[in-house]
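First up is the structure itself, then whatever we jot down about it.
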Amino acid sequence: MIPIDPGIKERVDHLALPFNRYGYDPYGISKRHVAEMFTGLSFFYRRYFRVKTHGIANVPRAGRVMLIGNHSGGYAIDGAMLITSMFLELDPPRLAQGMAEKFINRVPMASLWSSRTGQFTGLPETAERLLEDDRMLMVFPEGARGTAKLYWERHSLVEFGTGFLRLAMKTRTPIVPVGILGGGEAIPSVVNSKFLGRLVGAPYVPVTPYLVAVPLPVKMELRFGEPMFFEGTGTEEDEVVLEGVESVKSRVASLMADGLLEREGGRG
Amino acid sequence: MRILLTGIASPVAQHVARKLLAEGHSIIGIDRRPWTDAPPEVEMHAVDIRKRAAEDVFRKSRPEAVVHMATVTHLRFRSEERYRINLGGTRAVFEYAHQYGAKHAVFVGRHTYYGAGSDHPLYHHEDDPPMAVTTFPELADLVAADLYACTSLWRVPTLTTAVLRICYVLGPTGVGTLAAFLRGRRVPVIWGYDPLYQFMHEEDIATAISLSIQHRLRGVYNVAGPSPLPLSVVVRESGRKIAPMPEVAFKALLGRFGLPNLPPGAVQHIKYPVVVDSAPFRKVTGFVHAHDEQSCIRDFSRAFPVPSKR
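Protein chains in written order, with this note's numbering: chain F, 14 to 281; chain Y, 5 to 314.
This is the structure:
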């Protein structure tokens with residue numbers, strides 16, 4: 014058990030979630046588990062990946078919102094840092110709730126921690142309910158195809174699913190696009206082993222030139238775009254929805270490009 | 005109103021009967037088991053619901069409302085007998101209710117209908133499918149009884165039918181799946197999992213059923229009380245200790261060394277939650293639970309203190 018950082022504990026007390034007398038919200042999110050998680054993650058956020066944010070003022074301080082970001086390889090370090098940024102940088106802090114891969118809830122301990130920290134299995138029913146409850150939802154529409162990107166594919170985007178946009182239309186939720194840089198350098202995977210994945214119950218296990226996918230201490234950057242709104246009911250035809258999906262995808266791509274340009278400029 | 009209760013001798017049904025009596029209804033009870041300290045006003049019939057004598061009770065007493073609580077969930081009781089009670093019994097109750105002029109039938113079912121699984125959503129709605137038939141096949145007869153009761157909504161439109169899917173009971177009677185699981189000093193759990201458990205007090209169940217009758221409720225409704233809590237918290241707050249063990253060991257040891265003899269499907273229910281959304285029921289009936297989670301756990305552990313070491 015990690016000793017909880019007092020500063021983190023204070024921020025957890027400021028989360029706008031309806032915790033009961035035992036410190037659990039109606040979904041089973043636990044104050045203690047959240048505080049332990051952020052005590053650990055804040056080290057990685059501040060010291061290890063030295064995460065910088067840009068445009069965080071674009072993130073609504075209250076009410077339902079969907080953060081839509083890019084994955085960049087290995088496993089979801091990008092997601093973990095995005096959640097941490099919402100907790101450490103916003104005032105009052107917010108708990109971003111990711112939509113986890115199905116295998117996570119089948120693995121002992123991973124099941125417990127994801128349940129207690131609000132990182133639930135990605136189901137449309139769950140996502141819709143959380144948004145109706147005015148929560149902050151974090152979605153990576155590339156899914157496992159996104160984390161499966163290899164080192165040289167890290168700045169690319171694979172196909173976005175359409176479910177998130179239909180849901181945003183149905184629940185009238187603003188979308189904040191997020192471009193994330195550095196995740197691909199942190200875990201420079203050269204191959205994804207499906208065999209090892211089967212052994213641990215995951216879709217794959219990333220393998221790096223130094224074999225074990227321990228993340229490298231590279232700088233990461235999160236760039237937030239202005240909220241995007243989409244009118245509709247969520248029952249529109251695919252062509253209509255795809256148009257919206259493409260506009261979100263291109264916003265994410267341009268946020269990533271801005272970041273890359275700045276990095277290169279900085280170097281030169 | 006004349007109200008007939010099947011399975012009236014069960015501790016939860018006794019609460020319902022007392023509550024309805026106190027509200028001024030007259031109560032007719034059917035149960036094979038005796039209810040020794042039943043209030044004298046209750047008209048008891050020690051008959052089997054599937055036998056001719058039960059039909060006679062309906063014929064003679066002509067209840068206006070029927071509350072069907074005579075389904076069994078005891079997992080040790082896995083037999084032809086259980087199927088006959090849950091399926092044959094439910095059919096008989098609805099048949100007699102219709103035939104002898106009842107206006108309202110309330111089927112008291114269970115929220116485990118929805119089953120527990122790694123990819124199930126939290127907060128089930130009434131139209132979610134009965135996944136228990138795959139995750140926990142031993143509950144199939146209870147799912148079937150629930151669905152049979154639902155068919156009454158279109159088969160017998162003149163009989164107003166309410167199907168209630170009620171979460172676990174936890175309170176002074178100490179009955180029900182969750183309470184039975186919590187009885188010992190140490191409660192076996194599966195390492196690495198800590199599902200939410202949704203439970204409510206017997207008195208709140210009685211209130212919910214009484215409100216269903218008052219409002220002559222029609223349709224299918226989830227019924228729940230306070231917010232769910234993780235199993236480990238329920239165990240700790242009731243003064244017990246959790247005994248986590250790896251799933252493989254848990255399955256191998258079931259039925260031995262004092263562990264409960266549970267069917268394999270039960271393991272899913274110790275790993276994953278079954279949580280229901282009861283907002284529609286609350287909205288239609290105005291139901292508000294009087295006992296919060298602390299009060300349920302306190303009343304249970306007062307009635308069933310931690311057993312002392314032998």
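Glycine included, each C-beta is placed from N, C-alpha and C at the ideal position.
Short CB-CB distance (under 8 angstroms) between R148(F) and chain Y: no
Bridge-paired residues (DSSP) for F133(F): M112(F)
Separation of V224(Y) from V193(Y), as counted between CA atoms: 32 angstroms
For K324(F), three-class secondary structure by DSSP: It is not possible to answer for residue 324(F), since the shown part of chain F is limited to 14 through 281.
S291(F) versus D26(F) - alpha carbon distance: A question about residue 291(F) goes unanswered here, because the residues of chain F that appear run from 14 up to 281.
C-beta contact flag for P43(Y) and G188(Y) at 8 angstroms: no
For V46(Y), the nearest candidate out of S231(Y), A21(Y), S242(Y) and T75(Y) (CA to CA): A21(Y)
8 angstroms Cβ cutoff, K162(F) in contact with chain Y: no
Pairwise C-alpha distance: S214(Y) and V112(Y): 12 angstroms
Chain F residues whose Cβ lies nearer than 8 angstroms to that of Q298(Y): R34
T221(F) - partner residues in DSSP beta bridges: L224(F)
For S85(F), the nearest candidate out of D271(F), I193(F) and T221(F) (CA to CA): I193(F)
Chain F residues whose Cβ lies nearer than 8 angstroms to that of V237(Y): Y35 and Y37
Where M122(F) meets chain Y, residues with beta-carbon distance less than 7 angstroms: G196
Y127(Y): contacting residues in chain F (beta-carbon distance under 7 angstroms): R142
Counted within 10 angstroms of its Cβ, other Cβ atoms place T177(Y) as buried (16 or more) or exposed: buried
Proximity test, Cβ basis, 8 angstroms: L200(Y) and chain F: yes
Euclidean distance between Cα positions of R63(Y) and T94(Y): 17 angstroms
Cross-strand partners of F56(F) (DSSP beta bridge): None, per the DSSP bridge assignment.
Integer-rounded CB distance, given that T162(Y) should sit under 8 angstroms from K23(Y): With a Cβ gap of about 27 angstroms, K23(Y) and T162(Y) do not count as contacting.
N- and C-terminal bounds of the beta strand (DSSP E) containing H72(Y): A69 to H72
Residues within the stretch 57-69 of chain F neighbouring chain Y, beta-carbon criterion of under 8 angstroms: none
Beta carbon proximity, T139(F) to chain Y, threshold 8 angstroms: yes
8 angstroms contact criterion, which L168(Y) and S216(Y) should meet: CB distance rounded: 6 angstroms
Spatial neighbours of V120(F) in its chain, beta-carbon cut-off 7 angstroms, leaving aside the 5 residues before and after: G214
Minimum Cβ-Cβ distance from K115(F) to chain Y less than 8 angstroms: yes
According to DSSP, residues forming a beta bridge with G192(F): R236(F)
Extent of the continuous beta strand (DSSP E) to which T246(F) belongs: Neither: T246(F) is in no beta strand (DSSP E) and is coded neither H nor E.
Sheet register partners of G229(Y) (DSSP bridge): Bridge partners of G229(Y): none, in fact.
Validate contact between the stretch 228-245 of chain F and the stretch 153-170 of chain F using beta carbons, cut 8 angstroms, 3 pairs: no
Neighbouring residues, chain Y, relative to T97(F) (Cβ below 9 angstroms): Ordered by position in chain Y, no residue passes the 9 angstroms Cβ test against T97(F), which lies about 23 angstroms from the chain.
Cβ-based neighbour list, Q272(Y), same chain, cut-off 8 angstroms, excluding 5 preceding and 5 following: G119, A120, G121, T139 and F140
Cβ neighbour criterion (16 or more within 10 Å) applied to P219(F): buried
First and last residue of the uninterrupted beta strand (DSSP E) at P192(Y): R190 to I194
Reference G87(F), options G245(F), M241(F), P222(F) and P201(F), closest by Cα: P201(F)
Below-8 angstroms beta-carbon distance, D303(Y) vs any chain F residue: no
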